[in-house]
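Single-structure report; data block below.
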Amino acid sequence: MAEVGNVAHPERRWKIPIFVFFEDIRNVFKFDDLGMEILRIAFPAALALAADPIASLIDTAFIGHLGSVEIAAVGVAIAIFNQASKVTIFPLVNITTSFVAEEDTVRRISEKAAIADLEKGKEEKSDTKVLVVTADTDNDNEKTEKRASTNNETKESAPAPEFKTTKFKSSDNQSKGKLKRVKRHIPSASTAILMGCILGVLQTIFLIFLAKPILSLMGVTSDTPMLSPAKKYLTLRALGAPAVLLSLAMQGVFRGFKDTRTPLVAIVAGDLTNIILDPIFIFVFHWGVSGAAIAHVLSQYLISIILLCKLMTEVELLPPSTKDLQFSKFLKNGFWLLARVIAVTFCVTLAASLAARLGATRMAAFQVCLQIWLTSSLLADGLAVAGQAILASSFAEKDYQKAKAAGVRVLQMGFVLGFGLALVVAIGLYFGSGVFSKDKNVIRLITIAIPFVAGTQPINSVAFVLDGVNFGASDFAYSAYSMVLVGALTITAEFILSKTNGYIGIWIALTIFMALRTFAGLWRMGTGTGPWRFLSVPPMSSEAKS
Numbered sequence: 001m002a003e004v005g006n007v008a009h010p011e012r013r014w015k016i017p018i019f020v021f022f023e024d025i026r027n028v029f030k031f032d033d034l035g036m037e038i039l040r041i042a043f044p045a046a047l048a049l050a051a052d053p054i055a056s057l058i059d060t061a062f063i064g065h066l067g068s069v070e071i072a073a074v075g076v077a078i079a080i081f082n083q084a085s086k087v088t089i090f091p092l093v094n095i096t097t098s099f100v101a102e103e104d105t106v107r108r109i110s111e112k113a114a115i116a117d118l119e120k121g122k123e124e125k126s127d128t129k130v131l132v133v134t135a136d137t138d139n140d141n142e143k144t145e146k147r148a149s150t151n152n153e154t155k156e157s158a159p160a161p162e163f164k165t166t167k168f169k170s171s172d173n174q175s176k177g178k179l180k181r182v183k184r185h186i187p188s189a190s191t192a193i194l195m196g197c198i199l200g201v202l203q204t205i206f207l208i209f210l211a212k213p214i215l216s217l218m219g220v221t222s223d224t225p226m227l228s229p230a231k232k233y234l235t236l237r238a239l240g241a242p243a244v245l246l247s248l249a250m251q252g253v254f255r256g257f258k259d260t261r262t263p264l265v266a267i268v269a270g271d272l273t274n275i276i277l278d279p280i281f282i283f284v285f286h287w288g289v290s291g292a293a294i295a296h297v298l299s300q301y302l303i304s305i306i307l308l309c310k311l312m313t314e315v316e317l318l319p320p321s322t323k324d325l326q327f328s329k330f331l332k333n334g335f336w337l338l339a340r341v342i343a344v345t346f347c348v349t350l351a352a353s354l355a356a357r358l359g360a361t362r363m364a365a366f367q368v369c370l371q372i373w374l375t376s377s378l379l380a381d382g383l384a385v386a387g388q389a390i391l392a393s394s395f396a397e398k399d400y401q402k403a404k405a406a407g408v409r410v411l412q413m414g415f416v417l418g419f420g421l422a423l424v425v426a427i428g429l430y431f432g433s434g435v436f437s438k439d440k441n442v443i444r445l446i447t448i449a450i451p452f453v454a455g456t457q458p459i460n461s462v463a464f465v466l467d468g469v470n471f472g473a474s475d476f477a478y479s480a481y482s483m484v485l486v487g488a489l490t491i492t493a494e495f496i497l498s499k500t501n502g503y504i505g506i507w508i509a510l511t512i513f514m515a516l517r518t519f520a521g522l523w524r525m526g527t528g529t530g531p532w533r534f535l536s537v538p539p540m541s542s543e544a545k546s
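Using UniProt numbering, the first residue of the sequence shown is number 1, and each one after it goes up by one.
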């Protein structure tokens, strides 16, 4: 390890920081300690992240049998709801993950130090007590002998020193047992849950009262048959917004603890409920698109209840006072991520809006492709979660060697995963597009979009993983600045290409969007700037090290 200032930094084998991405590339899937830690976090996280879009795909499949108008209407409503949720929850969940990971790491370090001090203090206190007892015995020989002669006792019969020492050790063991049973005090967890509840209620009010104007902005006007089913679905889904935001906030807490299994269990339980209720509400009760929305809302509240019950057993959710809450810290960093997510949201929402203006058939095909595009890409987001949690802990510990190794490993794994996803998506869409619609025109348009939906998977995977890497380094400001610039360029491309190339032009613009997003994410670490400036510090000579 080389020392720069007072901070230990890893030695580099590369003179240019960007080449760090190729370091130990042969070990990309090596099952060493780091590889296993990444997989333990990433695999359940990927399944959990993909579960909700998969449930939306199942909704889409069921609704698709109602007609092209219904599936197009629901497609617009889902796009609005998802983007509105991202605007509110994306900053919250990612900040929560980083802050909880940092606080939990500091807490563990403090506990280890406290236990070490306790052990040291116990030994010193025990030695002092023995010496005091011995001194008292030596100074009071005459009194002891007098008592012994009077009571026919000897000095050897006095058990006081052993009794005091045993009592002290017993007390320590009891204290240790109590410490182990104490819940974790993580202020970020309480703050995140409270903010999730508030933002969820505000989102419900916003979507219910402004459903019609928002749909109109998306191209679903009063003279289109999509308006009625779209408004019904969006209004009912809005009732589940508090549950969605609360559950995602709690998922951020568990991610910070590097526990992605608990959210997976809760999400699977909720989504299975959704899948079971969908055909019952849609076809048996004949509720149509309303039945699909109600089933989804009920599943989200079930997920929230499961996560909340589990979290209450591990964390003190009620802080001693409001001063322990970290609203200013959340709002400061949340502002940067809010700007970033607005840029991303606007690009995707604009693409859906432009597709809706092309008619119900093209919108139906675009909705199916978009859902698959996002769902498959989110599998790589599991690696982003692992990278964020590990990097946040590593930076808190100032373990820059592990930070570099974890960042490089998850990026390499994401790139390889992207090629696998490209193959699966291409084959799946080509042979399985009929699952989503029986309309031949919709199926034809889905087939046309396959090169874009499948071909961008490697780029998408790296882009998602880079988000986690930069968030783990708490590089929120750069993430915001770069994405706003990327968003501006993408929006321009979407307007131009949709007018000149229509449906295909929208997909070309989205491909440009992901390519620019990947480049911006790689730039920070690849140039060794910001939190990654230690990669640009030249390694010290052997004389300097000594």
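Glycine included, each C-beta is placed from N, C-alpha and C at the ideal position. Being a predicted model, the structure only gives us computed values, none of them experimental.
In this structure, the alpha-carbon of Pro229 lies about 13 Å from that of Ile294.
The way I'd put it, the stretch 215-233 doesn't touch the stretch 265-284; fewer than three beta-carbon pairs between them come closer than 8 Å.
The beta carbon of Lys402 sits closer than 8 Å to the beta carbons of Leu34, Ile390 and Ser394 from its chain, once the five residues preceding and following it are set aside; these are given in chain order. Secondary structure of Val315 (DSSP, three-state): strand.
Here Arg184 is bridged, per DSSP, to Val315. Here Tyr430 is exposed. Its C-beta has fewer than 16 other C-beta atoms within 10 Å. The residues Pro225, Met226, Pro229 and Ala360, in chain order, have a CB closer than 8 Å to that of Val69 in the same chain once the five nearest residues on each side in sequence are set aside. Inside the stretch 447-478, DSSP marks no whole beta strand (DSSP E) run of 3 or more residues.
Look at His65 here: in three-state DSSP terms it is coil, with no helix or strand label. The stretch 259-273 makes contact with the stretch 294-314: 3 or more CB pairs, one atom from each, lie closer than 8 Å. Spanning the alpha carbons of Phe285 and Phe209 requires a straight line of approximately 27 Å. Three or more Cβ pairs drawn from the stretch 90-104 and the stretch 247-256 lie within less than 8 Å of each other, which places the two stretches in contact. Under the 10 Å beta carbon count, Thr492 is surrounded by fewer than 16 other beta carbons and is classified as exposed. Assignment of His286 by DSSP, reduced to helix, strand and coil, places it in the coil class. Here Lys404 is buried. Its C-beta has 16 or more other C-beta atoms within 10 Å.
For Trp336, the enclosing alpha helix (DSSP H) stretches over residues Phe327 to Ala356. In the DSSP annotation of this structure, the continuous segment of the alpha helix (DSSP H) that includes Arg237 starts and ends at Leu227 to Ala238. Residue environment: Ile25 is assigned as exposed (fewer than 16 neighbouring CB atoms within 10 Å of its CB, all protein chains considered). Between the alpha carbons of Leu350 and Ala73 lies a gap of roughly 16 Å. Between Gln412 and Pro458, the alpha-carbon positions lie close to 11 Å from each other. With distances taken between CA atoms, Leu379 lies nearest to Ile54 out of Val28, Ile54 and Phe29. It is roughly 11 Å from the alpha-carbon of Met36 to the alpha-carbon of Ala406.
Straight across, the Cα-Cα distance linking Phe476 with Arg524 is about 12 Å. Judged by beta-carbon spacing, Leu199 lies within the 8 Å limit of Thr88, meaning their Cβ atoms are closer than that value. Annotation: the continuous alpha helix (DSSP H) that includes Met413 extends over Tyr400 to Gly432. Contact fails between the stretch 108-115 and the stretch 183-201, because fewer than three Cβ pairs, one in each stretch, are under 8 Å apart. CA-CA distance, Ile186 to Leu383, rounds to 24 Å. Taking 8 Å as the upper bound for CB-CB distance, Val344 and Met514 are not in contact here, some 10 Å apart. Distances from the alpha-carbon of Gly75 to those of Ala463, Ala189, Trp532 and Ala352 put Ala352 closest. In this chain, the alpha helix (DSSP H) harbouring Lys212 covers Ala211 to Leu217. For Thr224, no alpha helix (DSSP H) segment is defined, and its DSSP state is neither H nor E. DSSP, reduced to helix, strand and coil, places Lys86 within a helical segment of the structure shown.
Out of Gln203, Arg184, Arg340 and Leu264, the CA that lies nearest to the CA of Gly521 is found in Arg340.
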